[in-house]
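Q: Residue numbers (my numbering), protein chains in the order written: chain A, 753 to 986; chain B, 398 to 844; chain C, 159 to 376.
All C-beta atoms in this analysis are idealised placements derived from N, C-alpha and C, irrespective of residue type, glycine included.
Structure in structure tokens, see below.
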Amino acid sequence: MNVFSFLLDAENWAGPSGIWVRIGQHVFYSVASVLLAALVAIPLGVLIGHTRRGDAVVSGLSNAARAVPTLGLLVLVVTLMGSGYLPVVLALAVLAVPPVLVNTAAGFRGADPGAVHAGRALGMTGWQLVRQVELPLAVPLVVSGLRSASLQVVATATVAALAAAGGLGRFVVDGQNLGPGGYPQMFAGAVLVALLAVLVDLGLGGLGWALQRRTGRISREDRDHLATLQPGTA
Amino acid sequence: MSSVSLRASVAEDDDGQAVITFEAVSKTYRDGTTAVSELDLVLPSDQVSVLVGPSGCGKTTTLQMINRMIEPTAGSISWDGTPLPQIRRTTLRRQMGYVIQSGGLFPHRTVLDNICTVPTLLGWSRARSRSRALELLSLVGLDRSLAQRFPAQLSGGQQQRVGVARALAADPVLLLMDEPFSAVDPVVRADLQELVKGLQRELGKTIVMITHDIDEAMIMGDQVVIMRVGGRIAQMGTPDEILDRPLDDFVAGFVGRDRGYRALTFAPAAGLPVARIRSVRSAASVATGSSPAVVVDGEGRPLGWADAAHGSTLLPLGATFAAETDTLRAVVDAALSSPVGLAVAVQSSGRLAGVVSAADALEAVRRRRLQVAERHGSAVAAAPDDGDAPSADPATLHEEAGPPADPAAPRQEVGHPPTPSPDRRTTPPPDGAAPAGPADDEREAAS
Amino acid sequence: MDLDWIARNLADGQDIVGLLGLHLVLALTPVVAALVISLPLGYAVSRTRAVAGPLLALFGVVYSVPSLALFVALPLVLGTRILDPLNIVVALTIYTVALLVRSVVDGFRGVPAQTRQAAQAMGMGPLRRVLTVELPLAMPVVFAGLRVVTVSNIALVSVGAVIGLGALGELFDLGLRQGFYTPIVVGIVLIVALALLFDGLILLVQRLCLPWSRGAAA
Numbered sequence: 753m754n755v756f757s758f759l760l761d762a763e764n765w766a767g768p769s770g771i772w773v774r775i776g777q778h779v780f781y782s783v784a785s786v787l788l789a790a791l792v793a794i795p796l797g798v799l800i801g802h803t804r805r806g807d808a809v810v811s812g813l814s815n816a817a818r819a820v821p822t823l824g825l826l827v828l829v830v831t832l833m834g835s836g837y838l839p840v841v842l843a844l845a846v847l848a849v850p851p852v853l854v855n856t857a858a859g860f861r862g863a864d865p866g867a868v869h870a871g872r873a874l875g876m877t878g879w880q881l882v883r884q885v886e887l888p889l890a891v892p893l894v895v896s897g898l899r900s901a902s903l904q905v906v907a908t909a910t911v912a913a914l915a916a917a918g919g920l921g922r923f924v925v926d927g928q929n930l931g932p933g934g935y936p937q938m939f940a941g942a943v944l945v946a947l948l949a950v951l952v953d954l955g956l957g958g959l960g961w962a963l964q965r966r967t968g969r970i971s972r973e974d975r976d977h978l979a980t981l982q983p984g985t986a
Numbered sequence: 398m399s400s401v402s403l404r405a406s407v408a409e410d411d412d413g414q415a416v417i418t419f420e421a422v423s424k425t426y427r428d429g430t431t432a433v434s435e436l437d438l439v440l441p442s443d444q445v446s447v448l449v450g451p452s453g454c455g456k457t458t459t460l461q462m463i464n465r466m467i468e469p470t471a472g473s474i475s476w477d478g479t480p481l482p483q484i485r486r487t488t489l490r491r492q493m494g495y496v497i498q499s500g501g502l503f504p505h506r507t508v509l510d511n512i513c514t515v516p517t518l519l520g521w522s523r524a525r526s527r528s529r530a531l532e533l534l535s536l537v538g539l540d541r542s543l544a545q546r547f548p549a550q551l552s553g554g555q556q557q558r559v560g561v562a563r564a565l566a567a568d569p570v571l572l573l574m575d576e577p578f579s580a581v582d583p584v585v586r587a588d589l590q591e592l593v594k595g596l597q598r599e600l601g602k603t604i605v606m607i608t609h610d611i612d613e614a615m616i617m618g619d620q621v622v623i624m625r626v627g628g629r630i631a632q633m634g635t636p637d638e639i640l641d642r643p644l645d646d647f648v649a650g651f652v653g654r655d656r657g658y659r660a661l662t663f664a665p666a667a668g669l670p671v672a673r674i675r676s677v678r679s680a681a682s683v684a685t686g687s688s689p690a691v692v693v694d695g696e697g698r699p700l701g702w703a704d705a706a707h708g709s710t711l712l713p714l715g716a717t718f719a720a721e722t723d724t725l726r727a728v729v730d731a732a733l734s735s736p737v738g739l740a741v742a743v744q745s746s747g748r749l750a751g752v753v754s755a756a757d758a759l760e761a762v763r764r765r766r767l768q769v770a771e772r773h774g775s776a777v778a779a780a781p782d783d784g785d786a787p788s789a790d791p792a793t794l795h796e797e798a799g800p801p802a803d804p805a806a807p808r809q810e811v812g813h814p815p816t817p818s819p820d821r822r823t824t825p826p827p828d829g830a831a832p833a834g835p836a837d838d839e840r841e842a843a844s
Numbered sequence: 159m160d161l162d163w164i165a166r167n168l169a170d171g172q173d174i175v176g177l178l179g180l181h182l183v184l185a186l187t188p189v190v191a192a193l194v195i196s197l198p199l200g201y202a203v204s205r206t207r208a209v210a211g212p213l214l215a216l217f218g219v220v221y222s223v224p225s226l227a228l229f230v231a232l233p234l235v236l237g238t239r240i241l242d243p244l245n246i247v248v249a250l251t252i253y254t255v256a257l258l259v260r261s262v263v264d265g266f267r268g269v270p271a272q273t274r275q276a277a278q279a280m281g282m283g284p285l286r287r288v289l290t291v292e293l294p295l296a297m298p299v300v301f302a303g304l305r306v307v308t309v310s311n312i313a314l315v316s317v318g319a320v321i322g323l324g325a326l327g328e329l330f331d332l333g334l335r336q337g338f339y340t341p342i343v344v345g346i347v348l349i350v351a352l353a354l355l356f357d358g359l360i361l362l363v364q365r366l367c368l369p370w371s372r373g374a375a376a
């Protein structure tokens, strides 16, 4: 049995349940839910980081987020709301919030207190401080949060197939249902989703690296702190 | 403190035989930098040798070659005649105490276990190591109750004391100290310097120490080795010699512009006439027209000066000095920083001991300088800082150095051990009684 | 919530309790295996400059591969059946090593040069220095990493339910098929509770073993 047979068959790429469509669905789920999460988490993170309040809430949230089984959350939402795009995107967005929130808050809190103090002494308003002093330093961290969130979401979107939704996970579930002969299809799903994840990781990692070079470095302390806060992949 | 049991087991070299000898030692690192070049150095036994110099002068490399943390690229180092490479590294190191900045304590071990490190490596029994460690805790002036604490639970000064105790644990003949006191504040540093000097006198250890602080080198060293970048010796000698006769511009510059002032560090303050001074509890209670008085708190500790001219304002105290233990340099500093020109002396308890006038302090400085000049002959005239010194003619010097003119105020010669006099006790006199005037009047009040 | 369902399953002594035990085995075996692998590997990596960067970057990429992909692909490498629990154990071990090696490297690199030097200067041999000074000092960071991987492993095991082997995760599959949310909630609650329990246990062990590091962990 050639495990690549499914991938190599051109027929499997076209059509309404072909590989291209599944990739499109997967990317759509991921992008939509990360954007939704960012809309909520970035402003909240800026607020928490800038005011330097609510640290306990943030760190508690990130710990709890790691303990929550993503599959369970997704399945629960789908069971309660029915399958379809909206429940899946909502559930994925919930999972994407903690990493973005934690990193954003850390980034805006991590701005050099000396620089913030100097900015204040020069007569900057709170908003000006955020934009001109804290933002440039925080951007690489925010990107790093988006990266963790995206990885989390890409991985979990695979699981969405179990909840009768589309995406690359379909190949895994459908192949499983076919019995032993379905392995090439499962394998195709696994390879594609792994590739997608690695691409997202490298792409956003590279972006973060470029931004960090441009705006100065994150202190080692912050990075160590963050390394312990990153939620695991799914 | 049982100094007898702590005596080094190795026979003492009264003949001043060299312990550590460097012969044409060079160290070039892989990146091509030469840390030490062609170094010839003798570090005598039972003495404190201090290597001092700017960063990059190779002093750390030199120190670390002694316990083979670093191996020289050329030349040879021997210990009591035995070339170092013939001694196993770990064996060698277990015989040399090592103290570094912040103590370099093991954060995961208790104070007791830290001190027991080398005894344990040497295979001492647990009981013996423990009792030795407890003994050392007292020796370095720490309470035994600290034994079970972790280093993070100690202050910087306490950590450094534990570091010294740990280095002494297996009774090494030689103590290597790598910038041992650079991480503590000046007050604690002075205490630690005193501790190590005391231990050295008591235990007769050979100490090799490095520092970038020339003051510390001068205070600690019997022999001071000034090194320059590239690992060459700029000058070697006793602190006095180096301060009085810097060999070249580098040494003069490193020793500093105020080296004359610094030399006062070697003259004790004890022996200066300490005059009584009126003390009051509140600045407001100084009557118009009366002379300045020291304002003290309920414990008799000085708070500041009160002066009729300034009404009830508390004037700053300025620096104070410890009557029994401080140096002439501290007295001069106290006198110069006092708003009324009187240096305030305190007892070890912090209570007011009396005052020394600026004039007396400067007089002591003058006599100190003459002493030094006498010792080094004509060198004084040559030293630029002493440009206003009297002529180098020995006859003049002797005359100038003669006994004080005023027999009514017999002063002890500077450098003499202190003889506490009952007069020193400060019983705040009743208000208005025996007001001490400035300068000369005071000396009379004291005698 | 259908409390009857919970009662029935508990009384059976089969479903929930059995799944709980299996869940722990699948989640914790990789932690133990990875710790044994990561300590020497991490120490070796921390001593090298050239290898460390690329290797840690590679681990980063490995860590980004979704677990489901690894569960599916591993049978090909291991020659196991798709439903073999070994697939899950091996996959989680790979993730755990990828994350833990970084902690170990950080831990060893965080040992103050001064402390290392003091140990050397006091005449400790290299092996003794590593075991009695550097390793203990690296442990607070290792423990922090251990807590992260243990919690995420406990959550990750449930993903295996997609391919039919997820221990407590199978409750999610069950709930989904029957359109019945009680098993799903029970699964989530048990998994979160297990994760928090083991997080607390590891913290407790750390406090007991490293009394000096209270609050000092990274």
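Taking the beta strand (DSSP E) that residue 803 (chain A) belongs to, which residues open and close that run?
A: Premise fails: residue 803 (chain A) lies in the alpha helix (DSSP H), 771-803, not in any beta strand (DSSP E).
Q: Would you mind stating whether residue 201 (chain C) and residue 293 (chain C) have Cβ atoms separated by less than 9 Å?
A: Contact: yes.
Q: Exposed or buried, which one is residue 883 (chain A) when buried takes at least 16 other CB atoms within 10 Å?
A: By the 10 Å Cβ count, residue 883 (chain A) comes out exposed.
Q: Are there 16 or more other CB atoms within 10 angstroms of the CB of residue 785 (chain B), so buried, or fewer, so exposed?
A: With a pLDDT of 42 at residue 785 (chain B), under the threshold of 50, the modelled position of this residue cannot be trusted, and the question is left open.
Q: Got a sec? Which residues, its chain only, sit under 7 Å from residue 694 (chain B) by beta carbon, not counting five neighbours each side?
A: Answer for residue 694 (chain B): 700, listed in chain order.
Q: Secondary structure at residue 507 (chain B), three-state DSSP: helix, strand or coil?
A: Three-state DSSP puts residue 507 (chain B) in coil, outside helix and strand.
Q: I'd like to know whether the C-beta of residue 373 (chain C) is nearer than 9 Å to at least one C-beta of chain A.
A: The predicted position of residue 373 (chain C) is uncertain, since its pLDDT is 48 and thus under 50; a value taken from the coordinates is nonetheless stated next. No, residue 373 (chain C) lies away from the interface with chain A (no Cβ there is under 9 Å from its Cβ).
Q: Mind checking whether residue 778 (chain A) and residue 927 (chain A) have CB atoms under 9 Å apart?
A: Not a contact, by the Cβ cut-off of 9 Å.
Q: By the criterion of Cβ-Cβ separation under 7 Å, what are the contact partners of residue 143 (chain C) in chain B?
A: No statement about residue 143 (chain C) is possible, as the shown extent of chain C runs from 159 to 376 and does not include it.
Q: Take the Cβ of residue 860 (chain A) as the centre, count every other Cβ of all protein chains shown within 10 Å, and call the residue buried at 16 or more, exposed below.
A: With 16 or more Cβ atoms within 10 Å of its Cβ, residue 860 (chain A) is classed as buried.
Q: Taking Cβ positions only, does residue 938 (chain A) come closer than 9 Å to chain C?
A: So, interface residue.
Q: Looking only at its own chain, which residues have a Cβ that is under 6 Å from the Cβ of residue 737 (chain B), when we skip the five neighbours before and after it?
A: Correct list, in chain order: 689 and 702.
Q: Quick check: the Cα distance between residue 264 (chain C) and residue 620 (chain B), rounded to an integer number of angstroms?
A: One C-alpha to the other measures close to 43 Å.
Q: Below 8 Å on the Cβ atoms is my guess for residue 607 (chain B) versus residue 597 (chain B); work out the distance and round it to an integer in Å.
A: Not confirmed; about 16 Å, so no contact.
Q: Give me whichever residues DSSP pairs with residue 252 (chain C) in a beta bridge.
A: For residue 252 (chain C), which the question treats as bridged, DSSP gives no partner whatsoever.
Q: Between which two residues does the alpha helix (DSSP H) harbouring residue 312 (chain C) extend?
A: That run of the alpha helix (DSSP H) goes 293-314.
Q: Here's the rule: buried if 16 or more other CB atoms are within 10 angstroms of the residue's CB, otherwise exposed. What is residue 206 (chain C)?
A: When all chains shown are included, residue 206 (chain C) counts as exposed.
Q: Run through chain C and tell me which residues come within less than 9 Å of residue 941 (chain A), C-beta to C-beta.
A: In chain order: 226, 227 and 230.
Q: Which same chain residues end up closer than 7 Å to residue 195 (chain C) when comparing Cβ atoms and leaving out the 5 residues on each side of it in sequence?
A: Cβ neighbours of residue 195 (chain C) beyond the five flanking positions: 255.
Q: Look at residue 177 (chain C) and residue 368 (chain C) and say whether their C-beta atoms are less than 9 Å apart.
A: The answer is no: Cβ separation not under 9 Å.
Q: Can you tell me whether residue 522 (chain B) is buried or exposed? The criterion is at least 16 other CB atoms within 10 Å of its CB, across all chains shown.
A: It is exposed - the Cβ of residue 522 (chain B) has fewer than 16 other Cβ atoms within 10 Å.
Q: For a contact meaning CB atoms closer than 7 Å, what does residue 361 (chain C) contact in chain A?
A: Result: empty, since nearest Cβ-Cβ is about 11 Å, beyond 7 Å.
Q: Closer than 8 Å by beta-carbon distance: list the chain A residues that pair up with residue 234 (chain C), in chain order.
A: Per Cβ cutoff of 8 Å: 755 and 939.
Q: How would you write the range of the alpha helix (DSSP H) that residue 730 (chain B) sits in, first residue to last?
A: Here the alpha helix (DSSP H) through residue 730 (chain B) covers 725-734.
Q: Between which two residues does the beta strand (DSSP E) harbouring residue 768 (chain A) extend?
A: Unbroken run through residue 768 (chain A): none, as it is neither H nor E.
Q: What did DSSP end up calling residue 575 (chain B) once you bin it into helix, strand or coil?
A: Three-state result, residue 575 (chain B): strand.
Q: Determine which residues share a DSSP beta bridge with residue 737 (chain B) and list them.
A: Its beta-bridge partners do not exist; DSSP assigns none.
Q: What are the partner residues of residue 634 (chain B), as DSSP defines its beta bridges?
A: In DSSP, residue 634 (chain B) forms a bridge with B:621.
Q: Tell me the rounded alpha-carbon separation between residue 461 (chain B) and residue 653 (chain B).
A: Distance between the alpha carbons of residue 461 (chain B) and residue 653 (chain B): 27 Å.
Q: With a threshold of 9 Å between beta carbons, is residue 185 (chain C) in contact with chain B?
A: Not one chain B Cβ lies under 9 Å of residue 185 (chain C).
Q: Note down, in chain order, every chain B residue with its Cβ under 7 Å from the Cβ of residue 294 (chain C).
A: Under the 7 Å cutoff, chain B gives 505.
Q: Mapping DSSP to helix, strand and coil, what is residue 920 (chain A)?
A: Note: residue 920 (chain A) maps to coil in three-state DSSP.
Q: Relative to the alpha-carbon of residue 572 (chain B), which residue among B:541, B:436, B:438 and B:416 has its alpha-carbon at the smallest distance?
A: Residue B:416 is the option with its Cα nearest to residue 572 (chain B).
Q: Which residues of the stretch 339-357 of chain C have a Cβ closer than 8 Å to any Cβ of chain A? Give them in chain order.
A: Listed in sequence order: 339, 342, 343, 345, 346, 349, 350, 353, 354 and 357.
Q: Please state if the CB of residue 418 (chain B) and the CB of residue 474 (chain B) are separated by a distance shorter than 9 Å.
A: In contact: residue 474 (chain B) and residue 418 (chain B) (Cβ atoms closer than 9 Å).
Q: In the DSSP assignment, find the alpha helix (DSSP H) that holds residue 865 (chain A) and state where it starts and stops.
A: Per DSSP, residue 865 (chain A) belongs to the alpha helix (DSSP H) from 865-873.
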